[in-house]
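Let me begin by presenting the structure, written as structure tokens, before commenting on it.
In this note's numbering, the protein residues as written are 15 to 722.
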């Protein structure tokens, strides 16, 4: 049964400001969106966008994007990892991608570096803004942003010298230390910024077999250097180097779905990444603005786990022991060139923007599955597994795009954009599976077109209403493993998005309100299903992507921030979502009745209250809620999570030179699931069962910051 109790606080909070517009709060800062082709104010952008600013990230977050993810309506994530890597916007996105070729639906950029499908480096230390653009970004980003785009930006360099140190301590062995420094390089007419943080935690699982509390630990190092050079007023060059060493353990699954594991070979979920980016923006050549954005990233990742989740004592008298490991070395290089005229004004010719884009992705993979099974009563079933697979994947995306922006009247604006993209992908592997050699040599060629058309009207200087239609796309690909030839390939997916919204600055700028309604219809939509060939071997559980005829996603998104007084801010957001897909088949090839899409909860909600006293005391409370959702695509099984709500609290004291904050995550220790699988993993009966990965429990800590 669906829960609605979590929505009552949100309804009360959204209604409360309407009774007090005359209060004396201060105006909220102007919000600027940078993830679109033209930087523009949040009020003018004809799209549903959530912007989490530096204050929100500091007060509501703690260590990782995971901490603030639920503040964005209709944004969800699927675990199976130590940190979020796989996102769903409006119910669309991957839930895993452990084998095969990377093919994300949600774009993920950190300081212009492409980490789509590799979002683990998104720690919050010294991050200034996160933008979530919902809906297909067919003109802006193309094939990797069918569902939307997430943009993370570190704080920019400052000319005023400043540096600070930060230390954190908390439960479960949590400790962290960080340093930020910024200042000018006057001889070069530039400024620089350095941020380094090391974070460690034992994690929240107890391995009783090994008598350890750290088999699911977190060990995260992030370092960012930014340099801004401005040789003249009309030219700016931003250069970023980002290094992340995420060396986390992975022992997150328990046979009884508890926080107590029995594995004898705990796994690892690690990613070591180094990325660089450069953004040059100049209008030195007359009225035109020329933009060059280049980036390169090199990521090495490991995902390994104890596939049987137990030890010799767990399964005696049977021998049942499996271990899986996947290594990936990924290199991405991108280059984007844009040429644009100045923003249009009423009565002038439309402004235009044209550009080209290239993305090169190379990935080398090494997969290993080791295992042994023996039944003392049926020795003929005994087996030893030593599967290996070495793979290479290369993909090149080339795109050309353009956008026109103009005015029909003084208050009515229009925008039209189109993007043509060509993608070539090649994959090859060789190895051993079930003792037999395997080899694949596959390629795919896709030509895709997307774009958008929007109209927006200024109802006043502080309110706008818009309507848009956009088309996004996602490239096709191929499946691996022991599957039938007719399942080897899948086709591109296309998504049409019809949307209308209202945005306003109310009460003299003290309140920001936005509401969006959308309807999306999907064609040849890609769904990822799983099947287990041998119930006695968990390593035979493989994932298959297939196309089904159609589906739709529709809903509402709304958010509100209101500075009630100079000391008190209230706010909230809600996302309502209804999704359906039809044409899906179950494991036996039989049609499945239409139902909700996977990881697409019918509501996500958040409310917050933030208080600051003039003498430096502060407090913030966040309540987030999420409806139940299916873990996977339609099957014969009712694999659903439970609806839940989480309360986070932070209180502190702040002075210009130092601050101290006491924080509590998951105050009431809510028990909830972030991923689930339904399969066989327990001898001797091999009954299929739902196994879940638990979210983080309650944690208390203290953070101190000193500035100089």
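Backbone N, C-alpha and C fix where the C-beta goes; we use that ideal spot for every residue, glycine too.
- With a 10 Å radius around the Cβ and a threshold of 16 neighbouring Cβ atoms, residue 517 comes out buried.
- In this structure, residue 433 sits near residue 152, with a CB-CB distance shorter than 8 Å.
- Selection 358, 162 and 338 evaluated against residue 265 yields 338 as nearest (Cα-Cα).
- By DSSP's assignment, residue 446 forms a beta bridge with 402 and 451.
- DSSP links residue 306 through a beta bridge to 294 and 351.
- By a beta-carbon distance limit of 8 Å, residue 187 contacts residue 216. Their separation comes to about 4 Å.
- DSSP places residue 145 within a strand segment (E or B) once states are collapsed to three.
- Measuring C-alpha to C-alpha distances from residue 532 to each of 621, 510 and 69 identifies 510 as the nearest.
- In this model, residue 480 and residue 469 are separated by some 6 Å (Cα to Cα).
- Residues 171, 196 and 240 of the same chain have their beta carbon placed closer than 6 Å to that of residue 207, with the five preceding and five following residues left out of the count.
- By the 16-neighbour rule on beta-carbons within 10 angstroms, residue 362 is exposed.
- With contacts defined as CB atoms closer than 8 Å, residue 435 and residue 149 fail to qualify as a contacting pair.
- Minimum Cα-Cα distance from residue 169 among the listed residues 189, 154 and 210 corresponds to 210.
- If you draw a straight line from the Cα of residue 219 to the Cα of residue 700, it is about 25 Å long.
- A residue is called buried when at least 16 other Cβ atoms come within 10 angstroms of its Cβ; residue 424 does not meet this threshold and is exposed.
- The residues 662 and 713, in chain order, have a CB closer than 6 Å to that of residue 679 in the same chain once the five nearest residues on each side in sequence are set aside.
- Burial is judged here by how many other beta carbons sit within 10 angstroms of a residue's own beta carbon; residue 108 has at least 16 and is buried.
- Rounded to whole angstroms, residue 631 and residue 155 show a C-alpha spacing of 43 Å.
- For residue 359, the closest alpha carbon among the candidates 353, 384, 421 and 414 is that of 421.
- Restricted to the region 154 to 240, the beta strand (DSSP E) segments that are unbroken, complete and at least 3 residues in length are 162 to 168, 176 to 184, 188 to 199 and 204 to 215, listed in chain order.
- Straight-line spacing of the CA atoms in residue 535 and residue 101 works out to 19 Å.
- Closest option to residue 467, judged by alpha-carbon separation, among 59, 46, 54 and 53: 59.
- Between residue 275 and residue 229, the C-beta gap is smaller than 8 Å, which places the two residues in contact.
- Note that the C-beta distance between residue 366 and residue 431 is not below 8 Å.
- Note on geometry: alpha-carbon atoms of residue 248 and residue 201 lie some 19 Å from one another.
- Per DSSP, residue 328 lies in no beta strand (DSSP E); the unbroken alpha helix (DSSP H) holding it starts and ends at 326 to 329.
- Judged by pairs of C-beta atoms under 8 Å, the region 252 to 272 touches the region 87 to 103, as three or more such pairs exist.
- Distance from the CA atom of residue 388 to the CA atom of residue 121, rounded to whole angstroms, is 45 Å.
- Counting every other CB atom within 10 Å of its CB across the protein chains shown gives residue 501 a total below 16, marking it as exposed.
- Under the DSSP definition of a beta bridge, residue 662 partners with 636.
- Within the same chain, and ignoring the five residues on either side of residue 371 in sequence, the residues whose Cβ sits closer than 6 Å to its Cβ are 350 and 413.
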